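Working notes, structure below.
Protein chains: 2
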Amino acid sequence: MWRRMLSVTIAGERWLRRRNCLPSGIRVLCTLKTDHAYRSLKSPSLVSLDIPDIWDSSIVCSDFHSFQASFNRNMGRRIDGLLVAKEIRFGIATEVSRMKASIGEVPGLAVILVGQRRDSQVYVRNKIAACEEVGIKFVLTELPDNCTEDEILNALTGFNKDSSIHGILVQLPLPRHLDEGRILDAIRLEKDVDGVHPLNMGNLAMHGREPLFIPCTPKGCVELLLRSDVEIMGKRAVVIGRSNIVGLPASLLLQRYHATVSIVHPFTKNPENIAREADILVAAAGVPNVVRGSWIKPGAIVIDVGTNPIEDPSCENGYRLIGDVCYEEAVKVASAVTPVPGGVGPMTVAMLLFNTLESARRALSFI
Amino acid sequence: MWRRMLSVTIAGERWLRRRNCLPSGIRVLCTLKTDHAYRSLKSPSLVSLDIPDIWDSSIVCSDFHSFQASFNRNMGRRIDGLLVAKEIRFGIATEVSRMKASIGEVPGLAVILVGQRRDSQVYVRNKIAACEEVGIKFVLTELPDNCTEDEILNALTGFNKDSSIHGILVQLPLPRHLDEGRILDAIRLEKDVDGVHPLNMGNLAMHGREPLFIPCTPKGCVELLLRSDVEIMGKRAVVIGRSNIVGLPASLLLQRYHATVSIVHPFTKNPENIAREADILVAAAGVPNVVRGSWIKPGAIVIDVGTNPIEDPSCENGYRLIGDVCYEEAVKVASAVTPVPGGVGPMTVAMLLFNTLESARRALSFI
Chain A
1 MWRRMLSVTI AGERWLRRRN CLPSGIRVLC TLKTDHAYRS LKSPSLVSLD IPDIWDSSIV
61 CSDFHSFQAS FNRNMGRRID GLLVAKEIRF GIATEVSRMK ASIGEVPGLA VILVGQRRDS
121 QVYVRNKIAA CEEVGIKFVL TELPDNCTED EILNALTGFN KDSSIHGILV QLPLPRHLDE
181 GRILDAIRLE KDVDGVHPLN MGNLAMHGRE PLFIPCTPKG CVELLLRSDV EIMGKRAVVI
241 GRSNIVGLPA SLLLQRYHAT VSIVHPFTKN PENIAREADI LVAAAGVPNV VRGSWIKPGA
301 IVIDVGTNPI EDPSCENGYR LIGDVCYEEA VKVASAVTPV PGGVGPMTVA MLLFNTLESA
361 RRALSFI
Chain B
1 MWRRMLSVTI AGERWLRRRN CLPSGIRVLC TLKTDHAYRS LKSPSLVSLD IPDIWDSSIV
61 CSDFHSFQAS FNRNMGRRID GLLVAKEIRF GIATEVSRMK ASIGEVPGLA VILVGQRRDS
121 QVYVRNKIAA CEEVGIKFVL TELPDNCTED EILNALTGFN KDSSIHGILV QLPLPRHLDE
181 GRILDAIRLE KDVDGVHPLN MGNLAMHGRE PLFIPCTPKG CVELLLRSDV EIMGKRAVVI
241 GRSNIVGLPA SLLLQRYHAT VSIVHPFTKN PENIAREADI LVAAAGVPNV VRGSWIKPGA
301 IVIDVGTNPI EDPSCENGYR LIGDVCYEEA VKVASAVTPV PGGVGPMTVA MLLFNTLESA
361 RRALSFI
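These protein sequence lines are chains A and B, in that order. Residue 110 in full-length UniProt numbering sits at position 110 of the first sequence, with consecutive numbering throughout. Residue 122 in full-length UniProt numbering sits at position 122 of the second sequence, with consecutive numbering throughout.
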């Protein structure tokens, strides 16, 4: 982490110095927080947008080195999200133990699950198992498909007040008769570990602001990039999809790391041409195998957020998950690709644990 | 306006129908509000993101017609922001008169100006003149350069409570010793006519959410696009700059209109190459003449948000304003360009009046 932090700091400083914005001898310190919890992550708790956006005529002829060459050194690498998530969970478990030993408390996560969706049930089971592994208390409220908004809001009110609960998550999607916005707005901001509140999103987007939580999936994507030794600053990043939970915050977070971001959505003409511009391609369309080899710039890093269930009688559950990226084609073109399953999925869960731990640390003033 | 609304509606419907998402005979109505105030605008009060983001394999081979041909019909047109803003102000004046005649009230705008910056003083003078023209009450609080945050917060508290004030604006930039975020956060959300509160920004960014106010400059840019008969949906839009007040909300708003947006900033490598991909180029870097003819795709629409004062002894004030775009080069390549001055500037003021009127209409339940 220190190497990464140092490199970001030096890059920012070099950038400012090149533009004569700094007297010699003065160092720039980006707002990169360090704390115990972050020992388990490569990504800093927050990357500041506060390096000043100073433009000058030299922006026309950039002197960034070509990173393409470095991308090409290890073609077709599989980014092992399972392994990285395991390492992070180990770090979180250590922190939770330290918290318990020091102050006799552990972080608490509450999940509200509405209905019988098979995929949602699987995701919630994974979260329960992960919490048990690291020592985070887990509370599950299950409500039937036809429950009312008020029933959910009542459950939320209870969790909002419960001082042993530091994170609250409503498993999405909700049945159609429920007002998702109204329900998510009812989560207390300090416990919104999924980071889906618009105030949190606005703070993620804006200069000079800090979100309380970075949404889990985008945070997991960035962690994988950093662990793959990708310097995000200055790269072309293309995010396919603009959902509130993945595409939008991923684009905002990558921009916070100073990538040049383009957002592709269903109204985009010729999306493959835009995807092919990407040094970093994040696929979050929710369409199985939509990103083919021809969509990928040689040497790019591909992060596949898709988790699309397709029927497969040979599997135990009668279905299996595939991504938005045609993996077999992608590994022949990209420098590195996340698989599905075993890529972003476990990272999302790890980041949920991480955000819950962070929330508990804030609430309990545990450093 | 109706033609525009109809065309958006039909486009959305056609898109859904092409993907077999609609039974025949069913029409789609986008969330395009109509009200009296919007008689003076081409842009709807809100463009919903609620057309479902449904992806299918046909996204690879888009069947959108080529708009490039239509762009090329009128090369080098000057978009007259002064004229458009005048029309809009006329519409607002009519509405304000109707409000006064109906309920005996007028909208009220309060501005806080800190320090002696010459450009800020000019902008505030323009706002005062515009308010006087349309009949909006204007209150100005001037504070010295070395004032404290508490002095500003006290003034804000007064305006927040004052029921005759429907919009509050703190003229930016503030002197460096003041915490801009803390000050802007103190503006009551219902009176944040500049739309700079992070909750408003989050609501602008997210599906299924509605901001109370669309920030004035981006709203002015979109209004100019619509009045130039540009269909934004499906276009490549490049926004140069990512400030809280222009670049960020412009990128979010254009995406709300279903443009494919890329954001260029000082860390972007070879920004001219990305700018040249744009059908719609919004320049908000704050660098005089940074966008040259070679940055512009032939036939593109160029919106120049830059207002850079440069010394000019031949001018009355000793300086004149120039844009971020080299106008003389741009008009030879683009299909239409906004000049500086006389382009986006007057539109920003018109949209501030518009947002203040909207706020008063909400507060007074005046339809």
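Built from N, CA and C at the ideal position, the CB exists for glycine as well. Computed from a prediction, not measured in an experiment: that's the story for all the values here.
Taking one beta carbon from each stretch, the stretch 312-322 of chain A and the stretch 180-193 of chain A have fewer than 3 pairs nearer than 8 angstroms; the two do not touch.
Residue burial is scored here from C-beta neighbours: Ser-359/A has at least 16 other C-beta atoms within 10 angstroms and is therefore classed as buried.
Taking one beta carbon from each stretch, the stretch 109-116 of chain B and the stretch 82-96 of chain B have fewer than 3 pairs nearer than 8 angstroms; the two do not touch.
Closest in C-alpha terms to Pro-288/A, from the list Ala-278/A, Glu-311/A and Glu-180/A, comes Glu-311/A. The beta carbon of Val-333/B lies closer than 6 angstroms to those of Gly-293, Ile-296 and Pro-298 in the same chain, with the five residues before and after it left out.
By the neighbour-count criterion, in which a residue is buried when 16 or more other Cβ atoms sit within 10 angstroms of its Cβ, Asn-203/A is buried. Residue state for Arg-276/A is assigned as coil, using DSSP reduced to three classes. Looking at the backbone, the Cα of Pro-144/A and that of Asp-150/A are separated by about 13 angstroms.
Considered as a whole, the stretch 270-320 of chain A harbours 271-275 as its complete alpha helix (DSSP H) runs of no fewer than 4 residues, in chain order. In the three-state DSSP reduction, Ala-259/B falls in the coil class, being neither helix nor strand. A Cβ of chain A is located within less than 8 angstroms of the beta carbon of Ser-262/B. Taking a 10 Å sphere around the C-beta of Asn-146/B, we find fewer than 16 other C-beta atoms and assign the residue as exposed. It is roughly 13 angstroms from the alpha-carbon of Asn-355/B to the alpha-carbon of Gly-91/B. Distance from the CA atom of Leu-357/B to the CA atom of Ala-336/B, rounded to whole angstroms, is 30 angstroms. Within chain A, the residues placing a beta-carbon under 8 angstroms from that of Ala-205/B are Pro-198, Met-201, Gly-202, Ala-205, Leu-248 and Leu-252, ordered along the chain. Ranked by how close their Cα comes to the Cα of Val-170/B, the residues Arg-118/B, His-207/B, Asn-200/B and Leu-109/B have Leu-109/B in first place.
Contact check for Gly-286/B and Asn-308/B: beta-carbon distance about 7 angstroms, within the 8 angstroms limit, so the pair qualifies. Ala-250/B sits in a helix when the DSSP states are folded into three classes. At a cut-off of 8 angstroms between beta-carbon atoms, Asn-244/B makes contact with chain A.
Nearest CB-CB separation between Gly-181/B and chain A: below the 8 angstroms threshold. Between Gly-234/B and chain A, the shortest Cβ-Cβ separation is below 8 angstroms. For Phe-354/B, not one C-beta of chain A is nearer than 8 angstroms to its own C-beta. Nearest Cα to Leu-212/B within the set Asp-194/B, Glu-223/B, Arg-236/B and Leu-224/B: Asp-194/B. CA-to-CA, the gap between Val-134/B and Leu-199/A works out to about 34 angstroms.
The Cβ-Cβ distance between Arg-242/B and Ile-263/B falls below 8 angstroms.
In the structure shown, the three-state DSSP call for Arg-89/B is helix. A straight-line Cα-Cα distance of about 10 angstroms links Asp-304/A and Ile-79/A. Fully enclosed beta strand (DSSP E) runs of no fewer than 3 residues are not present anywhere in the stretch 188-232 of chain B. Counting every other CB atom within 10 Å of its CB across the protein chains shown gives Pro-346/A a total of 16 or more, marking it as buried.
Taking 9 angstroms as the cut-off between beta carbons, the residues of the stretch 266-277 of chain B near chain A are Pro-266, Phe-267, Thr-268, Lys-269, Asn-270, Pro-271, Glu-272, Ile-274 and Glu-277, in sequence order. Separation of Arg-118/A and Thr-217/A (C-alpha to C-alpha, rounded to the nearest whole angstrom) is 20 angstroms. When the Cα atoms are used, Leu-140/B and Glu-132/B turn out to be separated by approximately 13 angstroms. When secondary structure is reduced to three states using DSSP, Leu-153/A falls in the helix class.
Nearest C-alpha to Arg-209/A among Phe-267/B, Ile-183/B and Gly-220/B: Ile-183/B. If you check each beta-carbon in the stretch 152-183 of chain B against every beta-carbon of chain A, the ones closer than 7 angstroms belong to Glu-180 and Gly-181.
Chain A places a beta carbon closer than 8 angstroms to that of Gln-255/B, counting this residue as a contact.
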